[in-house]
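To get my numbering, take the position in the sequence shown, counting from 1, and add 52. Where a beta carbon is used, it is the ideal one built from N, C-alpha and C, also for glycine.
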Amino acid sequence: MRIVAPLALCLAFASFTAPAMAQFQKPEDAVKYRKAVMTIMGNHAGRLGAMANGRVAFDAKAAADSAALLESLSKLPWEAFVAGTDKGETRAKPEIWTEQAKFKEGADKLQVETAKLSAAAKTGNLDSVKTAFGSVGQTCKACHDAYQKN
Numbered sequence: 053m054r055i056v057a058p059l060a061l062c063l064a065f066a067s068f069t070a071p072a073m074a075q076f077q078k079p080e081d082a083v084k085y086r087k088a089v090m091t092i093m094g095n096h097a098g099r100l101g102a103m104a105n106g107r108v109a110f111d112a113k114a115a116a117d118s119a120a121l122l123e124s125l126s127k128l129p130w131e132a133f134v135a136g137t138d139k140g141e142t143r144a145k146p147e148i149w150t151e152q153a154k155f156k157e158g159a160d161k162l163q164v165e166t167a168k169l170s171a172a173a174k175t176g177n178l179d180s181v182k183t184a185f186g187s188v189g190q191t192c193k194a195c196h197d198a199y200q201k202n
C-alpha cells in the first residue's frame, strides 16, 4: 500500500498535465501511454475483483484506495486514441475511429461507473462494492468486446 500515495500524486500531476499531453510526439507514444494506463487499471480492478469474489479478504481501505484510483485513471486513456495509433503493437480495432461517438459513450460510461464504484467503496460495504464492481466489469467487457482485438 506504500505505492498508493506516490501513485495518487502522479495521477494528480497527470490530471493537470493531461491537456499538454494531448499531442504525442509519435503514435507509438500514445499507444504506450494508453496501454500503461489500462495496465494499472487492470491491476486495481484485479484487487477489487479478488475481494468482490472472495478470493482475498475484504479490506475496506484497500478497496476504497483502488476504487478511487480506478475513478481517476478512467479519465486518462481516451486522449491517446488519436489518428495513427491503430497500427503497431496495439489491439485497438479500427471501429474506435469509425465509431467515435459510440466509443466515447463507452468511455463516458466507464467514468460514471467507476465514480459509482468509488462511492460504494467509501461506504465500506462489501455488497455495495460487489454490485458496483459488477457494473464496472460489464462496462469494461462491452468496450473490450467491441473495440479490442483478442
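Taken through DSSP and simplified to helix, strand or coil, A135 comes out as coil. Taking C-beta atoms as the reference points, S126 and T166 count as a pair closer than 8 Å.
Excluding its 5 nearest sequence neighbours in each direction, A159 has C-beta neighbours in its own chain below 6 Å: W130, listed in chain order. By the neighbour-count criterion, in which 16 or more other beta carbons inside 10 Å mark a residue as buried, E141 falls on the exposed side. Looking at the DSSP output, Q200 sits in a beta bridge with A144.
Ranked by how close their Cα comes to the Cα of K156, the residues G106, A116 and A198 have A198 in first place.
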